[in-house]
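Residues in the sequence shown are numbered from 1 upward in steps of one, following our numbering.
First the structure, in the form of structure tokens, and then the observations on it.
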Amino acid sequence: MLQPLTVVLLVGSGLLGVLAAHHLLRGRLVDDPLIIVGAVIEVALLVQLVVGLAKASAIGDGAERATFIAYLFTVLLVIPASVVIAVKEKTQWAMAVVLGGALVVAILVARLQQVWSLNA
1 MLQPLTVVLL
11 VGSGLLGVLA
21 AHHLLRGRLV
31 DDPLIIVGAV
41 IEVALLVQLV
51 VGLAKASAIG
61 DGAERATFIA
71 YLFTVLLVIP
81 ASVVIAVKEK
91 TQWAMAVVLG
101 GALVVAILVA
111 RLQQVWSLNA
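Next up, the structure:
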């Protein structure tokens, strides 16, 4: 995996989490900066998917390779799902969903890096 991309994804997830927490505390709903940060993270996740699939054959254990690929695809769904829920939910809890999504992305990216570093 690309270490700089992992760092960018972790920082981006942290930024999205901070923005969502700020909105949550202020009682604000989804706005353009929040969606833009989510979109940038999603583009970086697509790059990670392509790189990860290209390098997945380096993981020798079949079960670990399957786990790695499952994480690659699963992490792509988290941000769009949390933003859609946040747009539909018109209460301040919408931002709690985005905050949770940012946390899940950070955890999945860290786990991807862990699986990669242990098996490649």
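All C-beta atoms, glycine included, are put in the ideal place defined by N, C-alpha and C.
Item: Hey, quick one: how far does the alpha helix (DSSP H) through Arg111 stretch, first residue to last?; Value: 93-119
Item: By a C-beta neighbour count over all protein chains shown, 10 Å radius and 16 as the cutoff for buried, is Phe68 buried or exposed?; Value: buried
Item: Throw me the rounded Cβ distance for the Gly38 and Leu53 pair, which I believe falls under 8 Å.; Value: Between Leu53 and Gly38 the Cβ distance is about 22 Å, and since that is not below 8 Å, they are no contact.
Item: How would you write the range of the alpha helix (DSSP H) that Ile59 sits in, first residue to last?; Value: Looking at the DSSP string, Ile59 is not in any alpha helix (DSSP H), and its letter there is neither H nor E.
Item: How big is the Cα-Cα spacing for Arg26 and Ala96?; Value: 12 Å
Item: Select from His23, Asn119, Leu34, Ile107 the residue whose C-alpha is nearest the C-alpha of Thr74.; Value: Ile107
Item: Less than 8 Å between the CB atoms is what I'm expecting for Leu49 and Leu76, so what's the real figure, rounded?; Value: 6 Å
Item: Leaving out five residues on either side along the sequence, give the residues of the same chain with a beta carbon under 8 Å from the beta carbon of Val40.; Value: Gly12
Item: Considering just the uninterrupted stretch of the alpha helix (DSSP H) at Val30, what are its terminal residues?; Value: Where Val30 is concerned, there is no enclosing alpha helix (DSSP H), given that its DSSP letter is neither H nor E.
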